[in-house]
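K.L.:
Before anything else, here's the structure in question.
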């Protein structure tokens, strides 16, 4: 099978196409992270740390405040949004581990007495502690940076119209549309350029003949 080496024009064309693909991919990457996910992950991280402290030593002096804090963090935190934030499945893998973590946390809050640190001791059995250890491992790869968390808090405090712009709404979509149009123009210019080169080469051949 005969191979045709790339000419300078062919190499330039490939570079143009590669550049456009990278540009579009970067824009798509901008729309992927949701600021709400960082807030959920931050809550999960704090909930995990609070419970790990209770496992090690439920300090009577701060126990009531820590239970209140845990209740505040878990309030309104549902399984669907947690699974979305951690990219997991309800029944298998780390998604199931986080679902169990939420269930365990709810049971802990039901049985905890604000005045008695010992009331939570029976909750932290071997199975529960294994779940906490697994959550700690998963959180190592899920934590957002301080800047991301602060940005998510700012986005959450904005009016609804502004949230659409800052969390992957109108602005990213406009950029993607612009990128697609740019991609189309590049392909069109490449096609026209290739046709012009072909006609020029064909004219040269006729002149030589």
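Residue numbers (my numbering): 36 to 244. The beta-carbon is built from N, C-alpha and C at its ideal position, and this holds for glycine as well. The structure presented is a predicted model; accordingly, all values stated were derived computationally and were not measured.
#1: Between the C-alpha atoms of residue 223 and residue 215, what's the straight-line distance to the nearest angstrom?
#2: DSSP three-state label for residue 72, please.
#3: What is the rounded straight-line gap between the Cα of residue 193 and the Cα of residue 187?
#4: I'd like the list of long-range same chain contacts for residue 141, defined as Cβ closer than 8 Å, with 5 residues on each side in sequence excluded.
#5: Closest to residue 85 by CA distance: which of 191, 217, 179 and 164 is it?
#6: For the pair the segment 164–179 and the segment 70–80, tell me if three or more CB-CB distances fall below 8 Å.
#7: Check whether the Cβ atoms of residue 134 and residue 114 sit closer than 7 Å, and answer yes or no.
#8: Alpha carbon to alpha carbon, how far is residue 82 from residue 105? Give it in angstroms, no decimals.
#9: Have a look at 185, 168 and 149 and flag the residue whose alpha-carbon is nearest the alpha-carbon of residue 100.
#10: Could you pull out every residue in the same chain whose Cβ sits closer than 6 Å to the Cβ of residue 107, ignoring the five residues on either side in sequence?
#11: Thinking residue 90 and residue 167 are a contact (beta carbons under 8 Å), I'd like their distance in whole angstroms, please.
#12: Which residues mark the beginning and the end of the alpha helix (DSSP H) in which residue 144 is found?
#13: First and last residue of the alpha helix (DSSP H) that includes residue 117?
#14: Give the secondary structure of residue 151 by DSSP, where H, G and I count as helix, E and B as strand, and everything else as coil.
#15: How many whole angstroms separate the CB atoms of residue 143 and residue 158, which I take to be in contact at a CB cut-off of 8 Å?
P.N.:
This is what the structure holds:
#1: Cα-Cα distance, rounded: 12 Å.
#2: Residue 72: helix per DSSP, three-state reduction.
#3: Those two C-alpha atoms are separated by around 10 Å.
#4: Answer for residue 141: 109, listed in chain order.
#5: With distances taken between Cα atoms, residue 85 lies closest to 164.
#6: Cβ pair count under 8 Å is three or more, so yes.
#7: Yes, Cβ-Cβ distance for residue 134 and residue 114 is below 7 Å.
#8: Roughly 6 Å separates the two Cα atoms.
#9: Distances from the alpha-carbon of residue 100 to those of 185, 168 and 149 put 149 closest.
#10: Once the five neighbours on either side are set aside, residue 107 has no close Cβ partner at all.
#11: Residue 90 to residue 167, Cβ: 7 Å. Contact.
#12: Here the alpha helix (DSSP H) through residue 144 covers 128–146.
#13: Counting along the chain, the unbroken alpha helix (DSSP H) around residue 117 starts and ends at 114–121.
#14: Note: residue 151 maps to strand in three-state DSSP.
#15: Yes, they are in contact, since the Cβ atoms of residue 143 and residue 158 sit about 5 Å apart, within 8 Å.
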